[in-house]
Amino acid sequence: MAERSYDFLMPSVNFFGPGVISKIGDRAKMLGMKKPVIVTDKFLEGLKDGAVKQTLDSLKAAGVDYVVYNNVEPNPKIRNIKEVKKLYEESGADSIITVGGGSAHDTGKGAGIILTNGDDITKLAGIETLDKALPPLIAVNTTAGTGSELTRHAVITNEETHLKFVVVSWRNIPLVSFNDPTLMLDVPKGLTAATGMDAFVQAVEPYVSVDHNPITDSQCVEAIKLIETSLREAVANGHNLDARTKMVEAEMLAGMAFNNANLGYVHAMAHQLGGQYDAPHGVCCALLLPYVEEYNIIACPDRFAQLAEIMGENTEGLSTRDAAELAIKAMKQLSEDVGIPHSIKEIGAKPEDFELMAESALKDGNAFSNPRKGTKEDIIKIFQAAYDAE
Ligand code: NAD
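Under UniProt numbering, the residues of the sequence shown are numbered 1 to 390, in order.
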C-alpha cells in the first residue's frame, strides 16, 4: 500500500440520479457561464429527447447562451481539440460543457488545455504538466463508463503517430459533473458492455495498484460488487433503470478510485490498441484484462484472492494462488456473458505492431502504478497471449 499520505481529488459538485440534468442551466448560471461551447457529437445532438437537447433546454430556460461543437470522434484526435479551440475563440465563448462519453469529455478537456497552456498538447503529456487553469468546465456524462467526467485525465490520440497519450493534472478535473441514468437508457448493448467493462477494469486496476489506499479500496470493492450484479442486467435490458442507476454509481466509484490510486498495464496497453486500430476503449480493456492480471498475480496474490471473494466466488478451502486464479476466471466469465470478443485479433491487432506498442505502453502514465514491473518482452508476451486467446 502507498504511504498514508496522499491527495484525494474529485470535482467539487457531482449531480447524480434520474432527472438531475434539468438542473444544469441554473448551475451554469451560478458558475457565471455566459456562453459555453457544448462539446458533443452529431449522433447525440440528433437524439430527439437526449442529453444534448435536455442540456440546451435547461440552458435556454436559465437564459444562458451557447454554441455547439458537434464533431467529437471516438478516441478523440488532436484535430478535434484544435477545432473546439477555434470555435471557442471565434464565437466569444467563456466556458465549456461536454455532453457524451469519455471522448466528449476528453475533447473538452484537451481544448481547455490548449486554450490556456499552449498550442502543442503533445508537449504536455505526462503528470502535472499544466501551469494554468482551464476555462470553467461542466461534464454531462452519457456512458457508464470511463469516469472521465470526474477525473484528472485527458486521453488524446495523435492522428499522425496513431499513439494515444494522457495529460494528467488536477487542473483537468471538471468543476461539476452530471450523471443522470435516464440519459443512458438507450445506450445499445455493445456500448453498454464495452463501457461497463471499462468501469470494471477501472475498479480492478486501482485495487491492485501500488498506489491504493483505504478510501480507494472501499470504492473499488463497492464498484466491483455493483458491476457484478448489474452489468449483465443492463446489457440484457437497457431500459432497466435500476441496473442503469447501479452502473452509474459503479462508474463514479471506479472513476474516483482510479483518479487517486491510478491504473496499470491494462490501460497502458489498451491505449496502444485504441490508438493503432481506433478500437473501442472498453473492448480493448476487457480483452487485455485477464492476461495482464494473470501476469500480475505473483506481485500481490492476496489482493487477487480477495477480488475473487468480492466478485462472489466461493474461495473456501482454496489456496491463495487458486483463489487468485478464480478471480481471473470470473473476469473472463463476466466478459463472456456481456458479449466481449475473445481475442485482440478481432479488433485488427497485428503481431508486427506489438514491439512498438509495448515500448509505448511502458511510457504511458498508467504503467507506473502496475503492481508488477515488466520489461518490453513481458508486454509483448501479454499482447501475444491476448492475441492467441480462443
Ligand atoms: P465514447 O465517448 O467514445 O462514445 C462512443 C459512442 O457512443 C459515440 O458514438 C457516442 O455517440 C455514443 N454514445 C455516447 N453516449 C450515448 C448514449 N447515451 N446513447 C447512445 N449512444 C451514446 O465512449 P466512452 O467509452 O465513453 O469513451 C471512450 C474514450 O474515453 C476513449 O478515448 C478512452 O481512452 C477515454 N477514457 C478517458 C478516461 C479519462 O479519465 N479521461 C478514462 C477512460 C477512458
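Yeah, the Cβ is synthetic: ideal placement off N, Cα and C, and Gly gets one too.
Sort the options by Cα distance to residue i and report the nearest one.
i: GLU151; options: ALA193, GLY101 and ASN158; result: A small correction: the amino acid at residue 151 is Thr; Glu does not occupy that position in the sequence shown. Nearest of ALA193, GLY101 and ASN158 to THR151, Cα basis: GLY101.
i: ALA254; options: SER230, ASN172, VAL221 and GLY238; result: VAL221
i: residue 463; options: GLY147, ILE127, LYS85 and LYS60; result: In the structure as shown, the chain starts at 1 and stops at 390, and residue 463 therefore has no counterpart that could be examined.
i: THR142; options: SER230, ALA133, TYR207 and MET247; result: MET247
i: TRP170; options: SER343, VAL204, ALA199 and ILE113; result: ILE113
i: ALA361; options: VAL292, LEU31, ASP94 and ALA305; result: VAL292
i: GLY46; options: MET30, TYR69, ARG27 and VAL37; result: TYR69
i: ALA133; options: LEU175, THR161 and ALA125; result: LEU175
i: GLN384; options: GLU359, GLU352, LYS373 and ASP364; result: GLU352
i: ASP337; options: GLU159, ASN117 and ILE227; result: ILE227
Within 10 angstroms of the Cβ of residue i, are there 16 or more other Cβ atoms? Answer buried if so, exposed if not.
i: GLU90; result: exposed
i: ASN314; result: exposed
i: GLN333; result: exposed
i: GLY339; result: exposed
i: PRO76; result: buried
i: SER148; result: buried
i: HIS239; result: exposed
i: ILE310; result: buried
Regarding residue i and the ligand NAD, is the C-beta to nearest heavy atom distance less than 7 Å?
i: PRO341; result: no
i: residue 392; result: Because the chain in this structure spans residues 1 to 390, residue 392 falls outside the shown range and cannot be described.
i: GLY145; result: yes
i: MET184; result: yes
i: VAL140; result: no
i: GLY19; result: no
i: PRO74; result: yes
i: ALA254; result: no
i: THR195; result: yes
i: LEU289; result: no
i: ALA51; result: yes
i: HIS105; result: yes
In this structure, how does DSSP classify residue i when only helix, strand and coil are distinguished?
i: ASP120; result: coil
i: ILE379; result: helix
i: THR129; result: coil
i: ILE173; result: coil
i: HIS153; result: strand
i: LEU163; result: strand
i: ARG18; result: The question names Arg, yet the displayed sequence has Pro at residue 18. Coil, per DSSP.
i: GLY100; result: strand
i: LEU9; result: coil
i: VAL338; result: coil
The ligand FMN heavy atoms versus the CB of residue i: any closer than 7 Å?
i: GLY112; result: Ligands displayed in this structure: the ligand NAD; the ligand FMN is not among them.
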